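Undergrad: Quick note, the sequences are listed as chains A and B, same order. If you're matching positions, the first sequence starts at 4 in the numbering used here and goes up one per residue. If you're matching positions, the second sequence starts at 7 in the numbering used here and goes up one per residue. Every residue, glycine too, gets a C-beta built ideally from N, C-alpha and C. Note that the coordinates shown come from a computational prediction; the quantities given were computed from them, not determined experimentally.
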Amino acid sequence: MTIPQLLHFVVRNITYTPILTGYLVTCYTNNPCHLSLRWTSTVPAKHVNPRMVRGAVVGTYIDQCFVAYKDIEQNEAGDTFTHTFTVDPWPYCETRYFYFWGTVDGNLSPSASCIFYYHSTASLKYCYNEPENIGYRSSTRCTCISFPLKPAVSYTIRHWKTHLRRSALSTPQNTFEIWIWTADATGMPIASIGNGSKTGIVLPPWPAWLDIDFPISPTPVQEGGQYAISWRISDNYKGTPFLYLEQDKGINDVCRWNLPPGQGFYFCVPGSDAWGNCYQPPGPDPWQVHPGGGRQYFEAYGTPS
Amino acid sequence: MARLESLPESAIISGYKGTVDFYLWKGLAVARAWPRTPGKKRAASVEAQWPVFADAAALWNTLAPEVQDAYNRMASGSTLSGRDMQVKMYINAQKILPY
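1. Just to make sure I have the definition right: I need the residues of chain A whose C-beta is within less than 8 angstroms of the C-beta of Ser84 (chain B). Which are they?
2. In the structure shown, what three-state DSSP assignment does Gly21 (chain B) receive?
3. Grouping DSSP H, G and I as helix and E and B as strand, with all else coil, what is Ala64 (chain B)?
4. When burial is assigned at 16 or more other CB atoms within 10 Å of the CB, is Gln229 (chain A) buried or exposed?
5. If you run the structure through DSSP and keep just helix, strand and coil, what is Phe217 (chain A)?
6. Rank A:Asp216, A:Tyr72, A:Ala211, A:Leu10 by C-alpha distance to the C-alpha of Ile118 (chain A) and give the top, closest one.
7. What does Val56 (chain A) pair with, by DSSP beta-bridge criteria?
8. Per the DSSP calculation, Val28 (chain A) is bridged to which residue(s)?
9. Is the CB-CB distance between Ile18 (chain B) and Gln67 (chain A) below 8 angstroms?
10. Regarding Thr98 (chain A) and the ligand HEM, is the C-beta to nearest heavy atom distance less than 7 angstroms?
11. How is the alpha helix (DSSP H) around Asn78 (chain B) delimited, first residue to last?
12. Taking the alpha-carbon of Val61 (chain A) as reference, which of B:Gln100, B:Met91, B:Tyr22, B:Leu86 has the nearest alpha-carbon?
13. Whose C-beta lies closer than 8 angstroms to the C-beta of Ser12 (chain B) among residues of the same chain, with five residues either side of it excluded?
14. Could you please give the first and the last residue of the uninterrupted beta strand (DSSP E) stretch that includes Gly105 (chain A)?
15. Measure the Cβ-Cβ separation of Trp42 (chain A) and Phe101 (chain A) and say whether it is below 8 angstroms.
16. Relative to the alpha-carbon of Tyr22 (chain B), which residue among B:Trp66, B:Met7, B:Leu10, B:Trp40 has its alpha-carbon at the smallest distance?
17. Strictly by DSSP, which residues pair up with Gly197 (chain A)?
18. For Asp61 (chain B), which residues of its own chain have a beta-carbon under 8 angstroms away from its beta-carbon, when the five flanking residues on both sides are left out?
19. Can you find a CB in chain A that lies within less than 8 angstroms of the CB of Met80 (chain B)?
20. Mind checking if Ala73 (chain B) is an interface residue toward chain A, Cβ cutoff 8 angstroms exclusive?
21. 8 angstroms is my cut-off, CB to CB: does Pro104 (chain B) come that close to chain A?
22. Give me the DSSP bridge partner(s) of Cys117 (chain A).
23. For my contact list, Gln77 (chain A) and Phe84 (chain A) are in at a C-beta cut-off of 8 angstroms; report their separation, rounded to the angstrom.
24. Helix, strand or coil for Leu86 (chain B)? Go by DSSP, reduced to three states.
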């Protein structure tokens, strides 16, 4: 039989430990209990109502709306003081609201924790540290470059971090586009499934780098699938804009993308200075393979001015 | 408790002060014997809550500042304090959050 006081609990502290694609949430209670984490991405609405006592208003009370929620049971068996919850996936830059409820000795506890919220920020490390790992190109003119990639885990792409710079002899670019594609077994782009772009970009001359964080239209990708990422710059001048892409990376130095071994780059040179030929190709196969495996220099040449 | 058709005039209500208590209950006019403190004679179910309340009140100072902030945030905009909210949710949260 449970002593009445022990049916109740309070969460005394809470910690968040990032894992590959989410968080390990740990909370600590005053009494042993078995908890579930109830979470939602919907901001809980709060209703403040007048509190009536014998016809008179004496203060106010709170009603919380907590909707579209899901429950995650703690990892530990039985009643415990320390409770861990594997909240996975928890996409980058998503705020979640949650509270804890549970049982004591198999009986539903009347207690619940307060509502917590946490904003996921756990994917801002990078997989590639050397600029030449991804490639560079020279003498641009809207040339599209595509690179084959395989996701190490299933998740939804929401942004792509990129570093760019240009040679001192070139002029700053102003528009940069990234596209995510499904690809064939060789990594050649087949169909675009997501993209992002930024305009008004002014690149610094070498050796400085410009960090750009591109929002990407939410694009789910599957573990082990064959995808490609392509980019292009609206540069109407000869020059050498160096660029490399950094993918966002999970915690513990685990990359979300793998470079398929032995696959070359693809590039597409439009027939004019205009945008769009690579993405709405006039021919059946606008992409041309660049021989050689990944992680080596790459050059693509556009139509000279 | 007796149900009335309407509340009497305030002079009558005042005249019965200490004997009869007039008030509104769920929109109904009612009257009852003037409430008196039961002193230490409480129902067993009420007495069973005393140690729970004592625990709830004592626990506030053991909470991490981040947890206290979360209670304060929940209580903001009402006449409750964060500590009031913590005591309420420790004793019975079912009226505040979905179960």
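TA: Looking at the coordinates:
1. Val51, Gly62, Thr63, Tyr64, Ile65
2. helix
3. helix
4. buried
5. strand
6. A:Tyr72
7. A:Ala59
8. A:Tyr19, A:Phe88
9. no
10. Judged by which ligands are present, the structure shown has none, so any question about the ligand HEM falls away.
11. 71 to 81
12. B:Leu86
13. Ala35
14. 98 to 107
15. yes
16. B:Trp40
17. A:Ile183
18. Tyr96
19. yes
20. Reading off the sequence shown, one finds Val at residue 73 (chain B), where the question assumed Ala. Taking Cβ atoms only, chain A reaches closer than 8 angstroms to Val73 (chain B), which makes this a yes.
21. yes
22. Bridge partners of Cys117 (chain A): none, in fact.
23. Incorrect: roughly 11 angstroms between the Cβ atoms, too far for contact.
24. coil
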